[in-house]
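Peer 1:
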Amino acid sequence: MNDVRELLARAARDAGRPAVSTGAVYARAARVRFRRRAGVAGAALAVVATGGVALPQLTDGTPTGTSVAAAPVATASGGDKAGRLAALLPEAVGGVEQVSLAALIKGVPPEHAGETYVGPLDGQYLIREDGGAGYLTLSFMKPAQVERKFGGSLGGDLCATQGKEPPRTDCVRERLPDGGVLTTWRDAMAYGGSPQWGPEITGRLVLKDGSLLAVRSSTGYLGPRSQGPLLRNPPLDRAQVRALMLRPELRPRG
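Everything in the sequence shown is counted per this note's numbering, starting at 9 for the first residue and increasing by one.
This is the structure in structure tokens:
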């Protein structure tokens with residue numbers, strides 16, 4: 009309305025000149041407001057293009073005054089890792105963004121997180137669905153890495169109880185025609201501590217040469233720098249996790 013009053017006052021000062029109708033004044037004011045809004049929208053798009061978008065955070069499910077920068081949003085047509093992964097996922101899966109969990113959870117700058125990847129799509133991906141924030145993590149390890157980290161323990165049945173670990177729920181072990189062994193199970197992640205992870209589906213594929221592909225399909229976490237509420241269900245169900253892990257696109261060439 010300030011625009012309208014300003015233009016009406018200007019019309020009054022111009023008395024004696026060709027008449028200006030009230031409708032013309034309102035139309036002109038609308039054009040002024042449109043140009044101003046367009047300028048604001050353009051500035052906002054410029055901020056998004058540079059990646060400077062702030063996301064709300066949760067501490068134990070409660071919004072806080074601190075925010076973190078959002079990761080670039082991937083597109084299925086792009087050549088980035090998130091885009092290539094999105095092209096392999098069911099259409100019902102929400103938006104896919106590559107992130108660093110070390111940066112999100114611990115506040116470590118991504119360049120200092122010390123994350124190294126072997127597989128072509130290895131990484132940590134934020135999945136947004138219905139206002140919630142879940143995660144997919146993919147990690148491929150060569151035989152020497154597996155030996156250093158796990159010793160010979162991966163040769164056994166992962167569905168069997170391991171020491172003091174709680175039993176793996178709905179655990180399925182499958183021997184593949186190529187000699188690999190694929191194991192998937194549900195994990196309630198009821199271990200306490202912070203951040204508190206929600207339920208997830210975990211998959212491990214031990215290949216014939218001793219290399220390992222691990223996938224987590226998580227409903228998300230609550231705690232400092234959480235990116236949103238937990239998803240109602242993991243981003244991928246068990247069958248979808250299995251199908252993804254069998255894709256050759258997840259394995260290094262050669």
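Just so it is clear, CB atoms sit at the ideal spot from N, CA and C, and this is done for glycine as well.
1) Cβ atoms of Pro260 and Val107: under 8 Å apart, would you say?
2) In the DSSP assignment, find the unbroken beta strand (DSSP E) run with Val180 in it and report its ends.
3) Could you give the DSSP three-state label for Gln204: helix, strand or coil?
4) Suppose the cutoff is 7 Å on Cβ atoms and the five residues either side in sequence are ignored; what does the same chain contact list for Leu96 look like?
5) Suppose contacts are defined by Cβ-Cβ distances below 8 Å. Is Thr177 in contact with Arg246 by that definition?
6) Would you kindly work out how many angstroms separate the C-alpha atoms of Gln248 and Val223, rounded to a whole number?
7) May I ask you to list the residues that DSSP assigns as paired with Arg255?
8) For Gln235, does the three-state DSSP call read helix, strand or coil?
9) Within 10 Å of its beta-carbon, does Glu148 have 16 or more other beta-carbons around it, so buried, or fewer, so exposed?
10) Determine, using beta-carbon pairs with one atom in the segment 128–142 and one in the segment 227–240, whether at least three such pairs fall under 8 Å.
11) Of all the alpha helix (DSSP H) runs that stay within the bounds of the segment 82–113, which reach a length of 4 or more residues?
Peer 2: This is what the structure holds:
1) Here the question's residue 107 lines up with position 99 in the sequence shown. Here the question's residue 260 lines up with position 252 in the sequence shown. With contacts defined by Cβ atoms closer than 8 Å, Val107 and Pro260 do not form a contacting pair.
2) Position 172 of the sequence shown holds residue 180. 177–183 is the span of the beta strand (DSSP E), which, as asked, contains Val180.
3) Looking up residue 204 in the sequence shown gives position 196. Reduced to three states, the DSSP call for Gln204 is strand.
4) As a first step, residue 96 is located in the sequence shown; it is residue number 88 there, counting from the start. Excluding positions up to five away in sequence, the list reads Leu252, Arg255, Glu257.
5) Position 169 of the sequence shown holds residue 177. Position 238 of the sequence shown holds residue 246. Contact: no.
6) Residue numbering aside, residue 248 sits at position 240 when the sequence shown is read from its first letter. Residue numbering aside, residue 223 sits at position 215 when the sequence shown is read from its first letter. Rounded to the nearest angstrom, the two C-alpha atoms are 11 Å apart.
7) Taking the sequence shown and counting its residues from 1, the one referred to as residue 255 is at position 247. Looking at the DSSP assignment, Arg255 forms no beta bridge with any residue, so it has no partner.
8) Start at 1 with the first residue of the sequence shown, and residue 235 comes out as number 227. Gln235: coil per DSSP, three-state reduction.
9) As a position in the sequence shown, residue 148 is number 140, starting the count at 1. It is worth fixing the name first, because residue 148 is Phe in this sequence and not Glu. So Phe148 counts as buried.
10) yes
11) 89–94
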